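Novice: Chains A and B supply the protein sequences, listed in that same order.
The first sequence begins at 513 in my numbering and counts up by one.
The second sequence begins at 513 in my numbering and counts up by one.
Quick one: the structure is below, and I'll ask about it shortly.
Protein chains: 2
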Amino acid sequence: MADENFVDALAQLSFLVQNALAEIAGRHDLSLIQTRLLGVLRDHQPTMQDLGRHLGLDKSSISGLVDRAERRGLVTRTPSASDRRVVLVSITEDGLRLARQGAAEFAERIESFAAGLSEDDRRALTVLAQRLIPRTAPSA
Amino acid sequence: MADENFVDALAQLSFLVQNALAEIAGRHDLSLIQTRLLGVLRDHQPTMQDLGRHLGLDKSSISGLVDRAERRGLVTRTPSASDRRVVLVSITEDGLRLARQGAAEFAERIESFAAGLSEDDRRALTVLAQRLIPRTAPSA
DNA sequence: CGAGAAGGTACGTGGTACAAACTAATTAGT
DNA sequence: ACTAATTAGTTTGTACCACGTACCTTCTCG
């Protein structure tokens, strides 16, 4: 396939972005998955199971993930009023602050990569990227 | 920043690609990092330290990684002739086969995402992506 | 009410990553 | 040339991440 370059470019770009993400997360002593956890919790107060779906993880993995985040005071568990089996996970003030700062640093980093791109280039890249992304792609 | 969309699109795209990679690797009972290991070894016969640089890992992490891959017969260690401290890592036939097949499946998957893109779109995306990638970005 | 389904947790296993301590081989300094 | 410092790799200990399994509690449905 002459499309080797295309596939390669996307792969390298994905590593570039993920490495930036991991590096920034690490600066705050967070792993990539913990960062994603906080990212999800910024806009939702899901059940453990919801989290599993969002992050593509088994429920037992979520237990541990939330355990560790809770131990660090980034997240809290609340029993659901309507179903006593269910646990709702929320972000704390500390967690929220971390999430916001991480997001800002990430945006800044991406911008720095894109320093050589014009406004039009960025728009074009944004549109092309969005056309590749199916409806249910996981977010940060 | 009105560039929120830009950053978001790149982040989502990176997750899309990485998830595809991880899923395909998992199909062959490989982790993402093992896949990258095989990818590097396809074109090089590096020392442990070289590998650490390529993959951005500590030498102790490389030891374990190569250990596990060697146990599965995907990789071999060879002592260097010129420096008896050094170990050269090579891919085996089995490893090579796995790497090639994985790469093919990955390319196919990416193509399927890009099904809606014209030839021109792909070229444009490739060029834009390459302009974001510094010369020393890690490869698959 | 009783059987089974659903939500979470606990535990065991294995991969991943790092730092620190260690061995062996090479290179530098005098 | 001989010691001192450096370099390559491994080992060990710790922590995180992910999964499957077993288990407990709570719901739901017949």
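For glycine and all other residues, C-beta sits at the position ideal for the given N, C-alpha and C.
Computed from a predicted structure; not experimentally measured.
1. Short of 8 Å Cβ to Cβ, which residues in the stretch 599-631 of chain B face chain A?
2. Which bits of chain B does VAL552 (chain A) rub up against, with CB to CB less than 9 Å?
3. Let me know if PRO646 (chain B) comes out buried or exposed under the rule of 16 or more other beta-carbons within 10 Å of its beta-carbon.
4. By a C-beta neighbour count over all protein chains shown, 10 Å radius and 16 as the cutoff for buried, is THR590 (chain A) buried or exposed?
5. Buried or exposed, going by whether 16 or more other CB atoms sit within 10 Å of the CB of ILE603 (chain B)?
6. Going residue by residue through the stretch 513-555 of chain A, where are the continuous beta strand (DSSP E) segments of at least 3 residues, counting only ones entirely within it?
7. DSSP three-state label for VAL639 (chain B), please.
8. Quick one: which residues of the stretch 561-583 of chain B get their C-beta closer than 9 Å to a C-beta of chain A? List them in chain order.
9. Kindly list the residues whose CB is nearer than 8 Å to the CB of GLY614 (chain A), restricted to its own chain and excluding five residues on each side of it in sequence; keep chain order.
10. Just tell me which of A:GLN557, A:THR559, A:ILE545, A:ARG554 has its CA closest to the CA of ARG580 (chain A).
11. Which whole-angstrom value is the C-beta distance of LEU567 (chain B) and VAL601 (chain B), which I expect to be below 8 Å?
12. Starting from VAL601 (chain B), trace the beta strand (DSSP E) both ways and give me its first and last residue.
13. Examine the Cβ distances between the stretch 522-535 of chain A and the stretch 634-645 of chain B and report whether three or more of them are shorter than 8 Å.
14. From the beta carbon of ILE645 (chain A), is the nearest beta carbon of chain B less than 7 Å away?
15. Could you give the DSSP three-state label for ARG596 (chain A): helix, strand or coil?
16. Can you give the Cα-Cα distance for VAL587 (chain A) and ALA616 (chain A), rounded to whole angstroms?
17. What does VAL587 (chain B) pair with, by DSSP beta-bridge criteria?
18. Does DSSP put ILE645 (chain B) in a helix, a strand or coil?
19. Comparing the C-beta of SER526 (chain B) with each C-beta of chain A, is any distance below 7 Å?
20. Using a Cβ-Cβ cut-off of 8 Å (strictly less than) and excluding sequence neighbours within five positions of VAL599 (chain A), which residues of its own chain qualify?
21. Would you mind telling me which residues of chain A sit closer than 9 Å to GLN557 (chain B), beta carbon to beta carbon, in chain order?
22. Measuring only the C-alpha atoms, how far is ALA626 (chain B) from LEU577 (chain B)?
23. Less than 7 Å between CB atoms is the rule here; does VAL529 (chain B) satisfy it with respect to chain A?
24. Would you call the CB atoms of ARG643 (chain B) and GLY628 (chain A) closer than 7 Å?
25. Cβ of GLN557 (chain B) within 7 Å of Cβ of SER526 (chain A)?
Specialist: In short, the structure shows the following:
1. Within the stretch 599-631 of chain B, the qualifying residues are PHE618, ALA619, ILE622, GLU623, PHE625, ALA626, GLY628, LEU629.
2. For the purposes of this step, residue 552 (chain A) is identified with residue 40 of the first sequence, where counting begins at 1. Within 9 Å of the CB of VAL552 (chain A), no CB atom of chain B is found; the nearest one sits about 13 Å away.
3. Translated into the one-based positions of the second sequence, residue 646 (chain B) becomes position 134. With fewer than 16 Cβ atoms within 10 Å of its Cβ, PRO646 (chain B) is classed as exposed.
4. Within the first sequence, residue 590 (chain A) is the residue found at index 78, counting from 1. Exposed.
5. By 1-based counting over the second sequence, the position of residue 603 (chain B) is 91. Buried: at least 16 other Cβ atoms inside 10 Å.
6. none
7. Here residue 639 (chain B) refers to the residue found at position 127 of the second sequence. Helix.
8. GLY568
9. Residue mapping note: residue 614 (chain A) aligns to position 102 of the first sequence, counting from 1. Same-chain partners within the cutoff: ILE536, ALA537, HIS540, LEU542, THR547, LEU550.
10. Counted from its first residue, the first sequence places residue 580 (chain A) at position 68. Measuring from the Cα of ARG580 (chain A), the nearest candidate turns out to be A:ILE545.
11. Residue numbering aside, residue 567 (chain B) sits at position 55 when the second sequence is read from its first letter. Residue numbering aside, residue 601 (chain B) sits at position 89 when the second sequence is read from its first letter. That belief does not hold up - the Cβ atoms of LEU567 (chain B) and VAL601 (chain B) are roughly 11 Å apart, past 8 Å.
12. Looking up residue 601 (chain B) in the second sequence gives position 89. Looking at the DSSP string, the run of the beta strand (DSSP E) that includes VAL601 (chain B) is 599-603.
13. yes
14. Counting from one through the first sequence, the residue named residue 645 (chain A) turns up at place 133. Judged by the 7 Å Cβ criterion, ILE645 (chain A) is in contact with chain B.
15. As a position in the first sequence, residue 596 (chain A) is number 84, starting the count at 1. If DSSP states are grouped into helix, strand and coil, ARG596 (chain A) belongs with coil.
16. In the first sequence, residue 587 (chain A) corresponds to position 75, counting from 1. In the first sequence, residue 616 (chain A) corresponds to position 104, counting from 1. Distance between the alpha carbons of VAL587 (chain A) and ALA616 (chain A) is about 20 Å.
17. To locate residue 587 (chain B), count along the second sequence from 1; it is residue 75. Per DSSP, B:ILE603.
18. Your numbering for residue 645 (chain B) matches position 133 in the second sequence. ILE645 (chain B) falls in the coil class under three-state DSSP.
19. As a first step, residue 526 (chain B) is located in the second sequence; it is residue number 14 there, counting from the start. Chain A, which has a Cβ nearer than 7 Å to the Cβ of SER526 (chain B), makes this yes.
20. If you number the first sequence from 1, residue 599 (chain A) lands on position 87. Answer for VAL599 (chain A): THR559, MET560, ARG589, THR590, PRO591, SER592, listed in chain order.
21. In the second sequence, the residue the question calls residue 557 (chain B) occupies position 45. Result: empty, since nearest Cβ-Cβ is about 21 Å, beyond 9 Å.
22. As a first step, residue 626 (chain B) must be located in the second sequence, where it is residue number 114. As a first step, residue 577 (chain B) must be located in the second sequence, where it is residue number 65. Spanning the two alpha carbons is a distance of roughly 33 Å.
23. Here residue 529 (chain B) corresponds to residue number 17 of the second sequence, with the count starting at 1. Yes, because at least one Cβ of chain A sits closer than 7 Å to the Cβ of VAL529 (chain B).
24. Translated into the one-based positions of the second sequence, residue 643 (chain B) becomes position 131. Translated into the one-based positions of the first sequence, residue 628 (chain A) becomes position 116. Cβ distance < 7 Å, so ARG643 (chain B) and GLY628 (chain A) count as in contact.
25. As a working mapping, residue 557 (chain B) is identified with position 45 in the second sequence. As a working mapping, residue 526 (chain A) is identified with position 14 in the first sequence. Cβ distance not < 7 Å, so GLN557 (chain B) and SER526 (chain A) don't count as in contact.
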